[in-house]
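Q:
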Amino acid sequence: MIPRDWPIDRVVEREPGRKCVALKYLSFSDPIFTEHFPGMPIYPGSMVLNSVFATGRAMMEGGPAAWRVAGVKRAAFRRPSLPGRVLTIIATVDAEIPPGAMAEVRYSLSDGHPAPLGNGAFLLEPVAPLEPVAS
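The working numbering puts the sequence shown at residues 6 to 140.
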């Protein structure tokens, strides 16, 4: 189940620890489009990366630990993300780097354009559980 505040709307394919395909609907009603930018709405690249990272975490969930993005090796954007499109994110584990994994990602838009919106690579690592501190 995807929490409401996640920057992805739906996971359509998942091989735990190996691959995840997720969708983000770029709705005209999203408040971000009123501010970024007035008269020329563009979904911010930082929000696209949030969707990419959420897809990576969804790929790794179900194991003994929560996961976080520990580093970004590469992130590229080839054109703007416009409202009314569907952002598709495909994340796959490229290499296991104990205790984490390097994920390769591709992201595209449902705009009929043959080229992908962008691609990248990032490092995921398990988050150590927090121990309560006595006060």
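No residue lacks a Cβ here, since even glycine has one placed at the ideal position from N, Cα and C.
#1: Near K29, which residues of its chain fall below 6 Å by C-beta distance, leaving aside the five closest residues on each side in sequence?
#2: Counting along the chain, where does the alpha helix (DSSP H) carrying E40 start and finish?
#3: For a quick check, are the C-beta atoms of A96 and G61 less than 9 Å apart?
#4: Decide if L54 is buried, meaning its Cβ has at least 16 other Cβ atoms within 10 Å, or exposed.
#5: Short of 6 Å in beta carbon distance, which residues of its chain neighbour A71, apart from the five on each side in sequence? Order them along the chain.
#6: Secondary structure at R5, three-state DSSP: helix, strand or coil?
#7: For S32, which residues from the same chain have a beta carbon less than 6 Å from its beta carbon, with the 5 sequence-adjacent residues on both sides left out?
#8: Between S34 and the ligand SAH, is the CB less than 8 Å from at least one heavy atom?
A: The short version:
#1: I13, D14, S56, L92
#2: 37–40
#3: yes
#4: buried
#5: Around A71: V132.
#6: No information on residue 5 is available, as it lies outside the stretch 6 to 140 that the chain covers here.
#7: none
#8: You won't find the ligand SAH in this model; it holds no ligand whatsoever.
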